[in-house]
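Visitor:
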Amino acid sequence: MLNVQFAANPDHWPIYQPLLTDAFQTAGLAATLGTTLDPSVVDYMVFSPRGQIEEFERYTKLKAVLSLWAGVEQALPLVPKHIPLSRMVDFGLTQGMVEWVTGHVLRHHLGLDAHIHGLGGVWAEDVHPPLAQDRHVGILGMGALGQACGEALNALGFAVMGWSRTAKSHPTISCHHGSAGLDEMLARTEIAVLLLPDTQATQNTLNARTLALMPKGAVIINPGRGPLIDDDALLAALDTGHIAHATLDVFRQEPLPPEHPFWHYPSVTVTPHVASVTRPKTAAQTVVETIRLHEAGAPLRFKVDRSAGY
Ligand code: NAP
Numbered sequence: 018m019l020n021v022q023f024a025a026n027p028d029h030w031p032i033y034q035p036l037l038t039d040a041f042q043t044a045g046l047a048a049t050l051g052t053t054l055d056p057s058v059v060d061y062m063v064f065s066p067r068g069q070i071e072e073f074e075r076y077t078k079l080k081a082v083l084s085l086w087a088g089v090e091q092a093l094p095l096v097p098k099h100i101p102l103s104r105m106v107d108f109g110l111t112q113g114m115v116e117w118v119t120g121h122v123l124r125h126h127l128g129l130d131a132h133i134h135g136l137g138g139v140w141a142e143d144v145h146p147p148l149a150q151d152r153h154v155g156i157l158g159m160g161a162l163g164q165a166c167g168e169a170l171n172a173l174g175f176a177v178m179g180w181s182r183t184a185k186s187h188p189t190i191s192c193h194h195g196s197a198g199l200d201e202m203l204a205r206t207e208i209a210v211l212l213l214p215d216t217q218a219t220q221n222t223l224n225a226r227t228l229a230l231m232p233k234g235a236v237i238i239n240p241g242r243g244p245l246i247d248d249d250a251l252l253a254a255l256d257t258g259h260i261a262h263a264t265l266d267v268f269r270q271e272p273l274p275p276e277h278p279f280w281h282y283p284s285v286t287v288t289p290h291v292a293s294v295t296r297p298k299t300a301a302q303t304v305v306e307t308i309r310l311h312e313a314g315a316p317l318r319f320k321v322d323r324s325a326g327y
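Position in the sequence shown (from 1) plus 17 gives the number in our numbering.
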């Protein structure tokens, strides 16, 4: 019998309880589930920083902590180093991000704003966007989410480039890595999509120098994390028109304070950290499958590499 503690947002427990119960039954695993188990018997913990567990000393049997969030920068300082931590990689979360990113890329690619806000009586029938194959989209972060978004954009015809920490190859996405790879990719990136984790190495990836490498009129779409961008450098690049628009879902401070200039820039679209969300229905199955495989002797899936910070 496994003991599994739900230590994520307590408001979500009534939603997760029946889904996790069903998923354990389907997997043929006997498990006691709860929000307040005796710490000394807990085998696995389903976790988010909203769960307010800060003291792990009494969890002496804990085999792994399973984050319900893909981004683990808040979980890492809370979960002791000796306890393996896995991040959320799940169909629902990925599909939501693919839909959000595709929608926002198409908005900028097609110039939809001009028609939505009205052309003021000017019948501009000769203004056409290029075909997607002639539009270069750069995905910064070619992980679970970035790769899925890149492939969806590729399927629509976009010329997709991807940037990661380690070298990769992909049949249809041109892959870049390292700082020279970033410079090379940004020089051709008309629409940049940021899907990097927040680590020491990724902070201010877009700064005055790297923004200046991008073609004039480029667009930034950031569903990754706020610290990936130097805000002042972005505002300066928007002021000169070098960057035509920024669609930002994540911020250094959330909620974004009402006085922040991003709310008031016509060339900035603010969305309130809604690009994607962990969907309980699929996430419960993912959690149980991760536990099932681990109990069968496989290495922990989606294990966070603490030295890399994601
Ligand atoms: P992931 O699978 O861990 O992928 C991260 C990607 O970033 C990998 O390709 C990795 O390179 C690359 N990377 C990391 N550090 C780098 C560096 N220093 N230089 C270049 N590339 C680097 O993560 P994911 O599941 O795709 O999620 C990405 C992020 O999306 C999360 O961390 C979270 O912050 C954000 N997110 C946001 C929302 C939202 O609603 N806004 C929802 C979910 C997630 P390698 O492939 O070489 O390892």
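The beta carbon of each residue, even a glycine, is placed where N, CA and C say it ideally should be.
With the cut-off set at 8 Å, would you say A24 and V63 are in Cβ contact?
Guide: Yes, the pair counts as a contact, with Cβ atoms nearer than the cut-off.
Visitor: Need the endpoints of the beta strand (DSSP E) that F64 sits in, please.
Guide: Start and end: Y61 to F64.
Visitor: Taking I237 as the reference, which of P35, S324 and H126 has the closest Cα?
Guide: Cα-wise, what sits closest to I237 is H126.
Visitor: Determine the burial state of E207: buried for a count of at least 16 other Cβ atoms within 10 Å of its Cβ, exposed for fewer.
Guide: Flag for E207 reads buried.
Visitor: By the three-class DSSP mapping on this structure, what secondary structure does A172 have?
Guide: In this structure, A172 counts as helix in the three-state DSSP scheme.
Visitor: Express the C-alpha separation of T216 and R226 in angstroms, rounding to a whole number.
Guide: Cα to Cα, the separation comes out at about 19 Å.
Visitor: So P240 and G326 are supposed to be a Cβ contact under 8 Å. How far apart are they, rounded?
Guide: With a Cβ gap of about 19 Å, P240 and G326 do not count as contacting.
Visitor: Taking only the alpha-carbon atoms, compute the straight-line gap between W140 and P146 and give it to the nearest angstrom.
Guide: W140 and P146: Cα-Cα distance of roughly 16 Å.
Visitor: Measuring alpha carbon to alpha carbon, tell me which of H99, V304 and M105 ends up nearest A40.
Guide: When each option's Cα is compared against that of A40, the closest is V304.
Visitor: Whose C-beta lies closer than 6 Å to the C-beta of G96 among residues of the same chain, with five residues either side of it excluded?
Guide: Residue 96 is actually Val in this sequence, not Gly. These residues qualify, in order along the chain: V82 and L102.
Visitor: Let me check one thing: in DSSP terms, what residues is A209 bridge-paired to?
Guide: For A209, which the question treats as bridged, DSSP gives the partners G155 and I237.
Visitor: Does D200 pass the burial test, meaning 16 or more other C-beta atoms within 10 Å, or should it be called exposed?
Guide: Exposed, because fewer than 16 other Cβ atoms sit within 10 Å of the Cβ of D200.
Visitor: Determine contact between the segment 253-260 and the segment 304-324, defined as no fewer than three beta-carbon pairs at a distance below 8 Å.
Guide: With the cut-off at 8 Å, the segment 253-260 and the segment 304-324 do not touch.
Visitor: Between which residues of its own chain and D107 is the CB-CB distance below 6 Å, once the five residues before and five after are set aside?
Guide: Correct list, in chain order: T299, A300 and T303.
Visitor: On the criterion of 16 or more Cβ atoms from any shown chain inside 10 Å, does A204 qualify as buried, or is it exposed?
Guide: Answer is exposed; the Cβ neighbour count stays below 16.
Visitor: CB of L50 to nearest heavy atom of the ligand NAP: below 7 Å?
Guide: No.
Visitor: Roughly how far, in whole angstroms, is the beta-carbon of R104 from the beta-carbon of V89, given that I think they are within contact range, below 8 Å?
Guide: That pair is a contact at about 5 Å.
Visitor: Taking 7 Å as the cut-off, is the CB of W30 close to at least one heavy atom of the ligand NAP?
Guide: No, the Cβ of W30 stays beyond 7 Å of every heavy atom of the ligand NAP.
Visitor: From the DSSP output, read off the bridge partner residues of H194.
Guide: H194 is bridged to S181.
Visitor: Bridge partners for V13 per DSSP, in chain order?
Guide: No answer is possible for residue 13: the residues shown for the chain start at 18 and end at 327.
Visitor: For the segment 156-172 and the segment 180-188, state whether three or more C-beta atom pairs, one from each stretch, are separated by less than 8 Å.
Guide: The answer is yes - the segment 180-188 touches the segment 156-172, with three or more Cβ pairs under 8 Å.
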